[in-house]
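Peer 1: Residue numbers (full-length UniProt numbering): 1 to 277. Every residue gets a Cβ at the ideal spot worked out from N, C-alpha and C, and that includes glycine.
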Ligand SMILES: [Ca+2]
Ligand SMILES: [Ca+2]
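Okay, here's the thing in structure tokens:
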């Protein structure tokens, strides 16, 4: 038996006092003497160290977990020290469902269906409770886990776009605006055409606008369609690229093409209607 505690009452005596107190509460006040030296948690490691039974600590930066880590990744191990055997560990705060605990080892892992995202949650707070197996002498630790930032690629809203530009369109004619967003705060994006613009007929600027290039005029008879692969590149030390493809048709009139499509739709609807009556 260790520690500086003195067991003033047995559990039986405390129970009797409580019952007596229920009968006549002004005779003998009941004091909270529900801890026992045999069952006290004396400290935690996880991987920092705290001295108190109930305390909190922040996991050191070198033990931070990278955002985007896979489900099942071990986030930390909460290990209680006690003057007798520690029973199952319980996750009393799972940081909004992020964590799941192995009651025997105290290993807290990323739960199924969960992700770690630095941009929306750079820290997660967990609560771990240790028991002596009979739920006496528990100790609870509050653990703040740091999530580390990882560079992520810019992303377009869609991977594939279609566009129509009228024949003989000249310089600066707008084909479309194709912007990407970068999940990392502060990252700026540079836009470029990776492939498909073999005659340099298009310009893709910093505002995401794809235009006919200066001094160029599109010629349907020469090139009726283009497949342009667009790149959005961030400015990280190790840059990442988002990609989208624009399938561009050069038509005599773009509205005419849409009208033809509408005509076919109308014919189809008429055919369906005539079959129903
Ligand atoms: Ca990031
Ligand atoms: Ca980025």
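Have a look at the DSSP bridge pairing and note the partners of residue 225.
Peer 2: The residue given as residue 225 occupies position 225 in the chain shown. Note: residue 225 sits in a beta bridge opposite 249.
Peer 1: Express the C-alpha separation of residue 151 and residue 161 in angstroms, rounding to a whole number.
Peer 2: Counting from 1 along the chain shown, the entry for residue 161 is found at position 161. Counting from 1 along the chain shown, the entry for residue 151 is found at position 151. Those two C-alpha atoms are separated by around 26 Å.
Peer 1: Do you know how far the Cα of residue 82 is from the Cα of residue 132?
Peer 2: For the purposes of this step, residue 132 is identified with residue 132 of the chain shown, where counting begins at 1. For the purposes of this step, residue 82 is identified with residue 82 of the chain shown, where counting begins at 1. If you take the alpha carbons of residue 132 and residue 82, they lie about 9 Å apart.
Peer 1: Could you tell me the distance, in whole angstroms, from the CA atom of residue 10 to the CA atom of residue 138?
Peer 2: Taking the chain shown and counting its residues from 1, one reaches residue 10 at position 10. Taking the chain shown and counting its residues from 1, one reaches residue 138 at position 138. Confidence is the limiting factor: at residue 10 the pLDDT is only 45, short of 50, which leaves the residue's position unreliable and the question unanswerable from this model.
Peer 1: Kindly provide the chain-ordered list of residues whose Cβ lies closer than 7 Å to any non-hydrogen atom of ligand 1.
Peer 2: Working through the chain, the matches are 67, 118, 119, 149, 150, 151, 152, 183 and 184.
Peer 1: Spatial neighbours of residue 74 within its chain, please: C-beta separation below 7 Å, excluding the five flanking residues on both sides.
Peer 2: The sequence position of residue 74 within the chain shown is 74, counting from 1. Cβ within range, chain order: 107 and 109.
Peer 1: Count the other C-beta atoms from every protein chain shown that fall within 10 angstroms of the C-beta of residue 23, then say buried if there are 16 or more, exposed otherwise.
Peer 2: As a position in the chain shown, residue 23 is number 23, starting the count at 1. Note that residue 23 has pLDDT 36, beneath the 50 cutoff, so the model's placement of it is unreliable and the number below is only indicative. So residue 23 ends up on the exposed side.
Peer 1: Less than 8 Å between the CB of residue 154 and some heavy atom of ligand 2, yes or no?
Peer 2: Position 154 of the chain shown, counted from the first residue, corresponds to residue 154. Yes, Cβ of residue 154 sits closer than 8 Å to a heavy atom of ligand 2.
Peer 1: Can you find the residues in the same chain that come closer than 8 Å, C-beta to C-beta, to residue 25, ignoring five residues on each side of it along the sequence?
Peer 2: Along the chain shown, read from residue 1 onward, the residue named residue 25 stands at position 25. Here the model assigns residue 25 a pLDDT of 34, short of 50, so the residue's position is not dependable, and the following value carries that caveat. Counting only Cβ-Cβ distances below 8 Å, and skipping sequence neighbours, we find nothing.
Peer 1: Per DSSP, residue 191 forms a beta bridge with which residues?
Peer 2: On the chain shown, residue 191 is found 191 positions in, with the first residue counted as 1. In the DSSP output, where bridge partners are listed per residue, residue 191 has 232.
Peer 1: Please classify residue 233 as buried or exposed, where buried requires at least 16 other C-beta atoms within 10 Å of its C-beta.
Peer 2: Locating residue 233 in the chain shown gives position 233, where the first residue counts as 1. That one is buried.
Peer 1: Note down, in chain order, each residue of its chain lying with its Cβ closer than 6 Å to the Cβ of residue 90, except the 5 sequence neighbours on either side.
Peer 2: Taking the chain shown and counting its residues from 1, one reaches residue 90 at position 90. The answer, listed in chain order, is 129.
Peer 1: If you draw a straight line from the C-alpha of residue 37 to the C-alpha of residue 45, how long is it?
Peer 2: The residue you call residue 37 lines up with position 37 of the chain shown. The residue you call residue 45 lines up with position 45 of the chain shown. Residue confidence for residue 37 is low, a pLDDT of 41 falling below 50, so the modelled location carries little weight and cannot support an answer.
Peer 1: Provide the residue span of the beta strand (DSSP E) that contains residue 166, from first to last.
Peer 2: Counted from its first residue, the chain shown places residue 166 at position 166. Where residue 166 is concerned, the enclosing beta strand (DSSP E) stretches over 160-166.
Peer 1: Please report the straight-line C-alpha distance between residue 212 and residue 66, rounded to a whole angstrom.
Peer 2: Locating residue 212 in the chain shown gives position 212, counting from the first residue. Locating residue 66 in the chain shown gives position 66, counting from the first residue. Those two C-alpha atoms are separated by around 42 Å.
Peer 1: Would you list, in sequence order, the uninterrupted beta strand (DSSP E) runs of no fewer than 3 residues that lie entirely inside the stretch 77-101?
Peer 2: 79-82, 89-93 and 99-101, all fully within the stretch 77-101.
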